[in-house]
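Student: If you're matching them up, the sequences are chains C and U in order.
Going from the first sequence to my numbering is simple: count from 1 and add 10.
Going from the second sequence to my numbering is simple: count from 1 and add 10.
Just dropping this structure here.
2 protein chains.
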Amino acid sequence: MSSSETEIEAFTPLEGDAWGGLLGVHGRMMRLIERDLAERCQISHVEFEVLLRLSWVEGRRMRIQDVAAESVLTRSGISRVVERLERVGLVNRESAPEDRRGAYAILTDAGVSMLRTALEGHVALVRERFLNQFGPDELEQMAAWWRRVEDTRYDPRNHRSEPT
Amino acid sequence: MSSSETEIEAFTPLEGDAWGGLLGVHGRMMRLIERDLAERCQISHVEFEVLLRLSWVEGRRMRIQDVAAESVLTRSGISRVVERLERVGLVNRESAPEDRRGAYAILTDAGVSMLRTALEGHVALVRERFLNQFGPDELEQMAAWWRRVEDTRYDPRNHRSEPT
DNA sequence: GCATAATAGGTGCGTGAGCACTTATCTGTC
DNA sequence: GACAGATAAGTGCTCACGCACCTATTATGC
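Right under this line is the structure:
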């Protein structure tokens, strides 16, 4: 019997269901969302997210770096996303007067109305396939869990040394 | 005041925290995981996942289409992933005798040992940054939630028609 | 004030993945 | 048994994105 028959260390079944389940749900939801946004609005999820974040802030304008910091993409990626959005007229770029290295991405009126259309179906989709499966107390519980994970920055004390 | 100043429909704060939190946690975890696997094993997360799934089944072999069905990638994508894994000797491809259109991806011994190395650090990472934030009962609760979402296939009854 | 370092944004290149299509094979109908 | 249609895998093309690097500007040390 070759060494390849040896058991491989892995997650416990419980861990696998919790972690693997998150990966699975995220993957399926993203497929649905990407397809929906592409069909209805010809935009990708990251593009949608940039529009959304711009809509949240005063003046509907953000420094490129701030957009990148809040996004899953790198600055390079965001630079191209903003370029694509500018090309179809959903955002404008404007050089920052207080720091001439920088630039703002600014949501246009066309961007706002596109975002409104996108959000309508998007919110319905996410509710139907995800949020509506949970009650308000469960959603609160879930949000609290994510905050707990988010607050976990690297801490050596989380490393348990092998007992001697 | 232009129409762009109108309020935009969106998730409730509670929904935003639950859904946005999931996206955020997934994004941060994936960044950590991709970096870790790339540094320690020079493989991507999807490659790792294919190796892992192969290790779970009898004979450590799967039809390409079955790998694709369980993965987040399309058949086309999986075809290339298997090709890359074959090129570095972690899997073999073998034509299926019972259906000569098909092919098996088979985990090699080198693949098993690579997977063992990859898993060691990977499990530690996911535990430290995610799983360890939850107790066993909480993990069970989370797994049940994912099952609930998974069981939700498209059902017209979930569509609430606008009240007239 | 000037030289050096740091930073914001953008770009060339390489890679990974989806879509549409091709090829080989299997299945079903007559 | 032959032929139409379905299916498994793979491929050409295109595009999105990260990395490393570039340029312009700002901050810092002396």
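Glycine included, each C-beta is placed from N, C-alpha and C at the ideal position.
1) Counting only beta-carbon atoms, is Ala153/U nearer than 8 angstroms to chain C?
2) Thinking Leu47/C and His55/C are a contact (beta carbons under 8 angstroms), I'd like their distance in whole angstroms, please.
3) Does any C-beta atom of chain C lie closer than 8 angstroms to the C-beta of Phe58/U?
4) Do Gly34/C and Trp156/U have their CB atoms nearer than 8 angstroms?
5) Ignoring anything shorter than 3 residues, give me the beta strand (DSSP E) runs that lie fully in the stretch 88 to 124 of chain C, in order along the chain.
6) Quick one: Cα of Arg79/C to Cα of Arg85/C, how far?
7) Quick check: what's the CA-CA separation for Thr174/U versus Met72/C?
8) Given that a residue counts as buried once 16 or more other Cβ atoms are within 10 Å of its Cβ, and exposed if not, what is Arg97/U?
9) Take Asp76/U and list the residues in its own chain whose beta-carbon comes closer than 7 angstroms to its own, dropping the five residues that flank it on each side.
10) Determine the chain C residues that contact Leu149/U at a beta-carbon separation under 8 angstroms, and present them in chain order.
11) In terms of alpha-carbon separation, which member of Cys51/C, Arg41/C and Tyr114/C lies closest to Glu68/C?
12) In whole angstroms, what is the alpha-carbon distance linking Cys31/C and Glu108/U?
13) Assign Trp66/C to buried or exposed, taking buried as 16 or more other Cβ atoms, counted over all protein chains shown, within 10 Å of its Cβ.
14) By Cβ distance below 8 angstroms, which residues in the same chain neighbour Leu83/C in space, the five residues on each side in sequence not counted?
15) Looking at the unbroken alpha helix (DSSP H) that takes in Arg38/U, where does it start and where does it end?
16) Which ranges would you report for the alpha helix (DSSP H) in the stretch 125 to 162 of chain C if only whole runs of at least 4 residues count?
17) Keeping to the same chain, check which residues put their C-beta closer than 8 angstroms to that of Met39/U; ignore five residues upstream and five downstream.
18) What does the Cβ neighbour count give for Gly87/U, buried or exposed, with the cut at 16 atoms within 10 Å?
19) Which chain U residues sit within Cβ distance under 9 angstroms of Gly145/C?
20) Among all the DSSP beta bridges, which residues are the ones paired with Arg73/C?
21) When the cut-off is 8 angstroms and only beta carbons count, does Leu47/U lie next to chain C?
22) Using the Cβ count rule (16 or more neighbours within 10 Å means buried), how would you classify Arg167/U?
23) Please classify Ala28/U: is it buried, with 16 or more other beta-carbons within 10 angstroms of its beta-carbon, or exposed?
24) Quick check: the Cα distance between Arg103/U and Ser123/C, rounded to an integer number of angstroms?
25) Using the C-alpha atoms, what's the distance from Ile116/C back to His36/C?
26) Quick check: what's the CA-CA separation for Glu93/U versus Leu42/C?
27) Any heavy atom of the ligand ATP closer than 7 angstroms to the Cβ of Leu95/C?
28) Please say whether Leu95/U and Ala120/U have beta carbons closer to each other than 8 angstroms?
29) Which residue's Cα is closest to the Cα of Leu24/C: Glu160/U, Ile74/U, Thr127/U and Asn142/U?
Tutor: Concretely, from the data shown:
1) One-based indexing of the second sequence puts residue 153/U at position 143. So, interface residue.
2) Counting from 1 along the first sequence, the entry for residue 47/C is found at position 37. Counting from 1 along the first sequence, the entry for residue 55/C is found at position 45. The Cβ separation is near 6 angstroms, so the contact holds.
3) As a working mapping, residue 58/U is identified with position 48 in the second sequence. Taking Cβ atoms only, chain C never reaches closer than 8 angstroms to Phe58/U, which makes this a no.
4) The count along the first sequence starts at 1 and reaches residue 34/C at position 24. The count along the second sequence starts at 1 and reaches residue 156/U at position 146. In this structure, Trp156/U lies closer than 8 angstroms to Gly34/C by Cβ.
5) 101 to 105 and 113 to 117
6) Within the first sequence, residue 79/C is the residue found at index 69, counting from 1. Within the first sequence, residue 85/C is the residue found at index 75, counting from 1. A small correction: the amino acid at residue 79/C is Ala; Arg does not occupy that position in the sequence shown. Cα-Cα distance, rounded: 8 angstroms.
7) On the second sequence, residue 174/U is found 164 positions in, with the first residue counted as 1. On the first sequence, residue 72/C is found 62 positions in, with the first residue counted as 1. Because Thr174/U sits at a pLDDT of 33, beneath the cut-off of 50, its placement in the model cannot be relied upon, and the following sentence gives the value as read from the coordinates. Going by the C-alpha atoms only, they are around 40 angstroms apart.
8) Working through the second sequence from its first residue, we reach residue 97/U at position 87. That one is exposed.
9) Locating residue 76/U in the second sequence gives position 66, where the first residue counts as 1. Around Asp76/U: no qualifying Cβ.
10) Counting from one through the second sequence, the residue named residue 149/U turns up at place 139. Within chain C, the residues near Leu149/U are Leu24, Glu25, Asp27 and Ala28.
11) Residue 68/C sits at position 58 when you count from the first residue of the first sequence. It is Tyr114/C.
12) Taking the first residue of the first sequence as position 1, residue 31/C is located at position 21. Taking the first residue of the second sequence as position 1, residue 108/U is located at position 98. Before going on, a small fix: residue 31/C reads as Gly here, not Cys. Their Cα atoms are separated by approximately 33 angstroms.
13) Residue numbering aside, residue 66/C sits at position 56 when the first sequence is read from its first letter. Trp66/C is exposed by the Cβ-count criterion.
14) Locating residue 83/C in the first sequence gives position 73, counting from the first residue. Contacts found: Val56 and Val91.
15) By 1-based counting over the second sequence, the position of residue 38/U is 28. Unbroken alpha helix (DSSP H) run through Arg38/U: Pro23 to Cys51.
16) 146 to 160
17) One-based indexing of the second sequence puts residue 39/U at position 29. Once the five neighbours on either side are set aside, the close Cβ partners of Met39/U are Val136, Arg139 and Phe140.
18) Here residue 87/U refers to the residue found at position 77 when the second sequence is read from its first residue. With fewer than 16 other Cβ atoms within 10 Å, it is exposed.
19) Counting from 1 along the first sequence, the entry for residue 145/C is found at position 135. Ordered by position in chain U, no residue passes the 9 angstroms Cβ test against Gly145/C, which lies about 11 angstroms from the chain.
20) Position 63 of the first sequence, counting from 1, holds the residue named residue 73/C. Paired residues: Tyr114/C.
21) The residue you call residue 47/U lines up with position 37 of the second sequence. For Leu47/U, the answer is no, since every Cβ of chain C falls outside 8 angstroms of its Cβ.
22) As a first step, residue 167/U is located in the second sequence; it is residue number 157 there, counting from the start. Because the pLDDT at Arg167/U is just 44, under 50, the model does not fix this residue reliably, and the value given afterwards should be weighed accordingly. Per the 10 Å Cβ criterion, exposed.
23) Here the question's residue 28/U lines up with position 18 in the second sequence. Answer is buried; the Cβ neighbour count reaches 16.
24) On the second sequence, residue 103/U is found 93 positions in, with the first residue counted as 1. On the first sequence, residue 123/C is found 113 positions in, with the first residue counted as 1. Cα-Cα distance, rounded: 50 angstroms.
25) Stepping through the first sequence from its first residue, residue 36/C is reached at position 26. Stepping through the first sequence from its first residue, residue 116/C is reached at position 106. Roughly 30 angstroms separates the two Cα atoms.
26) To locate residue 93/U, count along the second sequence from 1; it is residue 83. To locate residue 42/C, count along the first sequence from 1; it is residue 32. Distance between the alpha carbons of Glu93/U and Leu42/C: 27 angstroms.
27) For the ligand ATP, the structure offers nothing, since it holds no ligand at all.
28) Start at 1 with the first residue of the second sequence, and residue 120/U comes out as number 110. Start at 1 with the first residue of the second sequence, and residue 95/U comes out as number 85. No; because the gap between Cβ atoms is not below 8 angstroms, this pair is not in contact.
29) For the purposes of this step, residue 24/C is taken as the residue at position 14 of the first sequence. Out of Glu160/U, Ile74/U, Thr127/U and Asn142/U, Asn142/U has the C-alpha closest to the C-alpha of Leu24/C.
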